[in-house]
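Letter by letter, the sequence shown follows residues 4 to 300 in my numbering.
Input: a single structure, listed below in structure tokens.
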Amino acid sequence: MLRACLSARRGLSPICATRWRTTRRLPLVGGLIAEETLWACTTCRACMEACPVEIEHLPKIIDMRRHLVDEGHLSPMLQEALTNLTRLGNSMGKPSKMRARWTKELGFPVKDARSEPVDVLWFVGDYASYDPRVQDLTRKVAELITAAGVDFGILFDAERNSGNDVRRAGEEGLFETLAQSNIDAIRACSFNRIVTTDPHSLNALKNDCRHFGGAFEGASLHGAACRTGRGGQACYRPDRRHHSDLSQSLLSRPLQWRIRRAARPHQGSRLYTARHAALPGEFLLLRRRRRPHLAER
């Protein structure tokens, strides 16, 4: 489990949690477990997948985060993000009217799913809508699905942050507000499928919103794009794959190779170990490409 956890060096290790301090009467949060240790967790669930006795670490960590939020023990950066989400519905601190501004540079109009029926409702997400570094990619995706003949629309300023990261941060009340706002906006639209290019939004729409009456079968755009091309001919459908599956397909290259559990590298190795959930008992070792001009450093 220590090899699986990305934050094991930050105090989440059971070894760190059971040192001499456990013999003293200290509070759990802020005592036995430091606040920065709880925020260091990336909620990747790797610890739960690797635990041999199936201990559910993540729910306990999130509950302790909720306690910190209730007590007001937040970093200034997180406090600012939560304030922006409460006031404006996004963590960027930008008004809702700017959410769909990226569509103005397109050579075609984008349908408003609130006022006209569409086949595909595209839940764009915050960074894809506001971040200038991602807006170019968002426009490319819009051009791609338009060229494929997909009838799609977006929510424009009615869309809010999906709340996926908000819930993991422990702010349950704010997540409920964001989720209910998105559920109401989506229900007011007429569509057949809902699509998102944001994996965090996909998780929130598919798994979290169902607890608030919004059972949406969200699909990644990688699995729903480009069903038919011009003239009704079948066109290329991109494959939806996890990054670990991509690593598995690249095993034949000299940068990677597969090893068995019994052949793990020693702890001081410079190799990077990544656990593959689909390959029990096996690991992927990723090695940087050798650079001759840096060999002497």
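Note that beta-carbon positions come from the ideal geometry of N, C-alpha and C, so glycine has one too.
The structure displayed is predicted, hence computed values, not measured ones.
Note down, in chain order, each residue of its chain lying with its Cβ closer than 7 Å to the Cβ of residue i, except the 5 sequence neighbours on either side.
i    : result
E174 : V72, L85
R69  : G173, E175
Just how far apart, CA to CA, sit residue i and residue j?
i    : j    : result
T45  : I189 : 29 Å
N206 : E179 : 15 Å
L35  : A131 : 39 Å
N210 : R196 : 16 Å
R213 : N87  : 25 Å
K114 : V56  : 51 Å
H76  : Y133 : 28 Å
A303 : D154 : Lying outside 4 to 300, the shown extent of the chain, residue 303 is not represented and no answer is given.
A145 : T200 : 11 Å
A150 : M80  : 41 Å
D187 : K63  : 31 Å
A191 : M101 : 21 Å
G152 : F111 : 13 Å
E83  : P98  : 15 Å
T89  : A182 : 12 Å
W105 : S118 : 19 Å
P202 : I58  : 26 Å
L140 : M67  : 37 Å
Alpha carbons only, please: which of the options is nearest the one belonging to residue i?
i    : options                : result
H60  : L41, K97, L77, H76     : L41
K107 : T149, T200, V137, R142 : R142
S78  : L147, P112, A43        : A43
E38  : E74, P62, V56, A49     : E74
I148 : L109, L181, P98        : L109
Within the same chain, show all residues whose beta-carbon is closer than 6 Å to that of residue i, passing over the 5 residues directly before and after it, in chain order.
i    : result
N185 : R163
A265 : Low confidence applies to A265: its pLDDT is 41, below 50, so where it sits in the model is not reliable, and the reading given next is rough at best. Cβ within range, chain order: n/a, list empty.
Q138 : W105
Inspect the beta-carbon positions of residue i and residue j and report whether they are closer than 7 Å.
i    : j    : result
N167 : D129 : no
V121 : G156 : yes
S193 : S165 : no
L158 : V169 : no
Return the Cβ separation of residue i and residue j in integer angstroms, given the expectation that the two are a contact with Cβ distance under 8 Å.
i    : j    : result
D160 : A103 : 7 Å
V198 : L91  : Actually they are not in contact, since the Cβ atoms of V198 and L91 sit about 24 Å apart, beyond 8 Å.
I65  : R136 : I65 to R136, Cβ: 30 Å. No contact.
Return yes when the C-beta of residue i is under 6 Å from any heavy atom of the ligand MG, and no when it is not.
i   : result
C44 : Among the components of this structure there are no ligands whatsoever, and the ligand MG is therefore not found.
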